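Enquirer: Dropping a structure here in C-alpha cells format, bear with me for questions.
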Amino acid sequence: MINIYPYILTIHLFCAIFFIGFLFTEVFLLRKLNLDIKNTIKIMPPIVLILFLSGLYLAHFHLNSLNWIFVCKIFFALCIFILILFSLFYKIILKKQNPFHAYIHPIVFIFTIIIVICAKLMFYIVI
C-alpha cells in the first residue's frame, strides 16, 4: 500500500490546489463582480470528495498521539466537512437558501489557509 502513497498524495495536492483556488476566486473576485457560479455545483462535489477520501488514506501514515499539529489540521478539515454537510442539508433537503451562505465560503477559505500552514509546519516542528 505504501507504493501508491505518492500517487494519492499528488491527487490530494491537485484537489487541494483546485479547492483553495476556487475559494480564493469566489471570495475575492466573483463576489465583488456579483457573478453567479452555477456550474461549480457539478465540478466541486467530486473534487471535495476526492480531497477528503485521499486525505483519509494519507492520514493513517501521519496519525499519532504526539502529532498535535496534524490533529489541528484534522479538526479544521472536519469543520469544513460539517459546513459542507450543513450547506447541502439546506440546499437538498430543505430546498432553502443557507442562512449563513454569505459567511461559509470565507470561513472555509480561512480554514483551508490554516490547514495549509499546519501541513507545512508538520514537517518542520518535531515533538
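Residue numbers for the sequence shown follow full-length UniProt numbering, so the first one is 1 and each next one is one higher.
Glycine residues also receive a C-beta, built at the ideal position from the N, C-alpha and C atoms.
Computed from a prediction, not measured in an experiment: that's the story for all the values here.
1) Rounded to the nearest angstrom, what separates I113 and K95 at their Cα positions?
2) Where does I125 sit, in a helix, a strand or coil, going by DSSP?
3) If you draw a straight line from the alpha carbon of Y124 to that of Y57, how long is it in whole angstroms?
4) Check N3 in the structure and name its three-state DSSP category.
5) Just curious, the alpha helix (DSSP H) that V71 is in, first and last residue?
6) Output the distance between the C-alpha atoms of I4 and L33, rounded to the nearest integer angstrom.
7) Quick check: the stretch 20-27 against the stretch 65-77, are there 3 or more CB pairs under 8 angstroms?
8) Could you check the C-alpha separation between H101 and P46 for me, to the nearest Å?
9) Do H12 and L51 have their C-beta atoms within less than 9 angstroms of each other?
10) Are the Cβ atoms of M122 and K91 separated by less than 9 angstroms?
11) Given that a residue counts as buried once 16 or more other Cβ atoms are within 10 Å of its Cβ, and exposed if not, what is F19?
Expert: Taking the structure as given:
1) Each residue's alpha carbon lies about 30 angstroms from the other.
2) Reduced to three states, the DSSP call for I125 is coil.
3) Going from the Cα of Y124 to the Cα of Y57 covers about 22 angstroms.
4) Three-state result, N3: helix.
5) Counted as a single uninterrupted DSSP element, the alpha helix (DSSP H) harbouring V71 occupies residues W68 to L88.
6) So the two alpha carbons sit approximately 42 angstroms from each other.
7) Not touching, per the Cβ criterion.
8) Here the alpha carbon of H101 sits roughly 21 angstroms from the alpha carbon of P46.
9) Contact flag set, yes.
10) For the 9 angstroms CB-CB criterion, M122 and K91 do not form a contact.
11) Under this definition F19 is a buried residue.
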